[in-house]
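A.B. asks: If you count the sequence shown from 1, you need to add 47 to reach the numbering used here. From the three backbone atoms N, C-alpha and C, an ideal C-beta is built for every residue, glycine too. Being a predicted model, the structure only gives us computed values, none of them experimental. Have a look at the structure that comes next, please.
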Amino acid sequence: MSVRIKFCGFTRAADAALAAALGVHAIGVVHVPGSKRHVPLDAMPAIRAAVPAHIDLVALFVNPDADTVRAVMAALQPSLLQFHGDEADAFCTQFGMPFIKAMAMGEGAGDIGLRQKDYPSAQAFVLDGHVPGQLGGQGERFAWAGLPILDKPIYLAGGLHAGNVAEAIRTVTPFAVDASSGIESAPGVKDADKMRDFIRAARADGR
């Protein structure tokens, strides 16, 4: 099966529509006040309208309260939730929607083979580079070699761009690759050429 491609951090409906037309499998929208890629509730319906139903629309949170998640679900109508903070498995499951859980990688990140056991309900894990005090989308790569085998599929994130995604796929053989800053001209502003080049590189070896 070919690797799936997820682009994250969309703030503009036109960018989401182009990514969909280029053939990505999932499009991520961040609802995290303070993030450069934060999308307010009133901007979500336009992005929803730009994404065809066959493409996963992912709502990303960092330590939200339950009311916030429900408000985003109503405005965005996502097909998948993504939690990037310290949310417990029980919190993530209460919304009746599949979710993926991010795990920060790098120095001090701990043993992901053990950490995954805290999230038996997760559909998959997002392995993302970690910058202390920052959210994902910082373009921070981590060491790909020697990752343990996890019980769930892996979305590989963290500093991916057209120049390294093929190597990442060969090294990790993830279920999906996940890019944000590597396909942008500015935070939240996607670059059409970078998106095209990323997709071409990710598919270059026929995976």
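Extract the residue ranges of the beta strand (DSSP E) inside the segment 66-140, only unbroken runs of 3 or more that lie entirely within it.
C.D. replies: Segments of the beta strand (DSSP E) lying fully in the segment 66-140: 73-77, 103-108, 127-130.
A.B. asks: If you draw a straight line from the alpha carbon of Pro-179 to that of Asp-244, how long is it in whole angstroms?
C.D. replies: Confidence is the limiting factor: at Pro-179 the pLDDT is only 49, short of 50, which leaves the residue's position unreliable, though a coordinate-based value still follows. A direct Cα-Cα distance of roughly 30 Å separates Pro-179 from Asp-244.
A.B. asks: In whole angstroms, what is the alpha-carbon distance linking Ala-192 and Val-219?
C.D. replies: 7 Å
A.B. asks: Give the single residue among Ile-102, Ala-63, Asp-62, Leu-128 whose Cα lies nearest to the Cα of His-78.
C.D. replies: Leu-128
A.B. asks: Give the single residue among Ala-60, Ala-67, Gly-81, Gly-132 whose Cα lies nearest to the Cα of Asp-92.
C.D. replies: For the record, residue 92 in the displayed sequence is Pro; it is not Asp. Ranking Ala-60, Ala-67, Gly-81, Gly-132 by Cα distance to Pro-92 puts Ala-60 first.
A.B. asks: Is it the case that the Cβ atoms of Ile-52 and Ala-68 are separated by a distance below 9 Å?
C.D. replies: Not in contact: Ile-52 and Ala-68 (Cβ atoms no closer than 9 Å).
A.B. asks: Mark Ile-147 as exposed unless 16 or more other C-beta atoms lie within 10 angstroms of its C-beta, in which case mark it buried.
C.D. replies: Around the beta carbon of Ile-147, 16 or more other beta carbons sit within 10 angstroms, so the residue counts as buried.
A.B. asks: Going by beta carbon distance, what residues of the same chain come within less than 8 Å of Lys-97, once the five residues before and after it are set aside?
C.D. replies: Inspection of the sequence shows that residue 97 is occupied by Ala rather than by Lys. Cβ contact annotation for Ala-97 (same chain, cutoff 8 Å, sequence separation greater than five): Ala-60, Ala-61, Ala-63, Ala-64, Ala-67, in chain order.
A.B. asks: Per DSSP, which residues does Met-152 bridge with? Please list them.
C.D. replies: Gly-176
A.B. asks: Leaving out five residues before and five after Tyr-166 in sequence, what residues of the same chain have Cβ atoms less than 6 Å from its Cβ?
C.D. replies: Asp-136, Lys-148
A.B. asks: Can you find the residues in the same chain that come closer than 6 Å, C-beta to C-beta, to Ser-168, ignoring five residues on each side of it along the sequence?
C.D. replies: Cβ neighbours of Ser-168 beyond the five flanking positions: Asp-136, Thr-140.
A.B. asks: Counting C-beta neighbours from all protein chains within 10 Å, is the total for His-131 16 or more, i.e. buried, or is it exposed?
C.D. replies: Classification for His-131: buried.
A.B. asks: How about Ser-228 and Pro-221: are their beta carbons less than 9 Å apart?
C.D. replies: no
A.B. asks: In angstroms, rounded to a whole number, what distance separates the CA positions of Ser-49 and Pro-111?
C.D. replies: 33 Å
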